[in-house]
Amino acid sequence: MNYTSQIAKHFRDLYFGGNWTAVNMKDTLSDVDWKQATTKIDSFNTLATLVFHTNYYVDILIQVLEGGPLDGNDKLSFDHPAVKSEEDWQKLLQNSWAKAEKLATLIEQLPDEKLLGDFVDPKYGSYYRNINGIIEHSHYHLGQMVILKKLMKKQS
Numbered sequence: 001m002n003y004t005s006q007i008a009k010h011f012r013d014l015y016f017g018g019n020w021t022a023v024n025m026k027d028t029l030s031d032v033d034w035k036q037a038t039t040k041i042d043s044f045n046t047l048a049t050l051v052f053h054t055n056y057y058v059d060i061l062i063q064v065l066e067g068g069p070l071d072g073n074d075k076l077s078f079d080h081p082a083v084k085s086e087e088d089w090q091k092l093l094q095n096s097w098a099k100a101e102k103l104a105t106l107i108e109q110l111p112d113e114k115l116l117g118d119f120v121d122p123k124y125g126s127y128y129r130n131i132n133g134i135i136e137h138s139h140y141h142l143g144q145m146v147i148l149k150k151l152m153k154k155q156s
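Below, the structure is given as structure tokens:
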């Protein structure tokens, strides 16, 4: 198994299970309905916003790994279409699972020797730094999702 296969597995485990934290995106969100997903607690982001936000960076990385430009803006990473129904929420989740699998596949296809190469521009660091950054960032927000669910359960 090469390095990129191991990194892809680490990313898949974050979304679909099997990681060291014993928590993953899909299981965490499996029992959340659209009303819970859009429930605002204090000044925290909603679950729907956090899902969109993590997907935003996954989409950017997919674009680069497919040979496209690095095109994103942190200011836009929280601006998502309104989730107004269960159908909207399920579409957001299905898109998230599909994009996660697509990114994992692209990471697997990346040659190991590219991991330490510049990610688009030297100022962004290496491919490894950016891929690992997406994983760390998503774990951080997954933790927030778990806490938000606990707060919602406590309030009901």
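The opening position of the sequence shown corresponds to residue 1 in full-length UniProt numbering, with each subsequent residue numbered one higher.
Just so you know, even glycine gets a beta-carbon here, dropped at the ideal spot from N, CA and C.
Source: prediction; values computed, not measured.
Candidates the options, of which the one nearest residue i by Cα
i      : options                        : result
VAL32  : PHE44, GLY18, ALA48 and ASP42  : ALA48
ASP71  : TYR56, SER85 and PHE78         : TYR56
ASN2   : ASP88, LYS123 and LEU110       : LEU110
ILE131 : LEU29, ASP121 and LEU115       : LEU115
ALA100 : SER5, GLU86 and LEU14          : LEU14
ALA98  : HIS10, SER156, LYS26 and HIS80 : LYS26
LYS9   : ILE107, LYS84, THR54 and THR39 : ILE107
Residues bridged to residue i [DSSP beta-bridge criterion]
i      : result
ASP118 : SER126
Continuous alpha helix (DSSP H) stretch holding residue i: start and end
i      : result
ALA104 : 86-109
MET25  : 25-29
ALA37  : 34-37
SER5   : 3-16
LEU47  : 47-65
Buried or exposed (CB count within 10 angstroms, at least 16 for buried), residue i
i      : result
THR21  : exposed
VAL58  : buried
VAL146 : exposed
PHE78  : exposed
ARG12  : buried
THR54  : buried
ASN24  : buried
ALA82  : exposed
SER96  : buried
THR105 : exposed
Whole-Å CB distance - residue i paired with residue j, under 8 Å assumed
i      : j      : result
ILE60  : LEU103 : ILE60 to LEU103, Cβ: 10 Å. No contact.
LEU148 : PHE44  : 6 Å
GLN155 : LEU50  : The Cβ separation is near 18 Å, so there is no contact.
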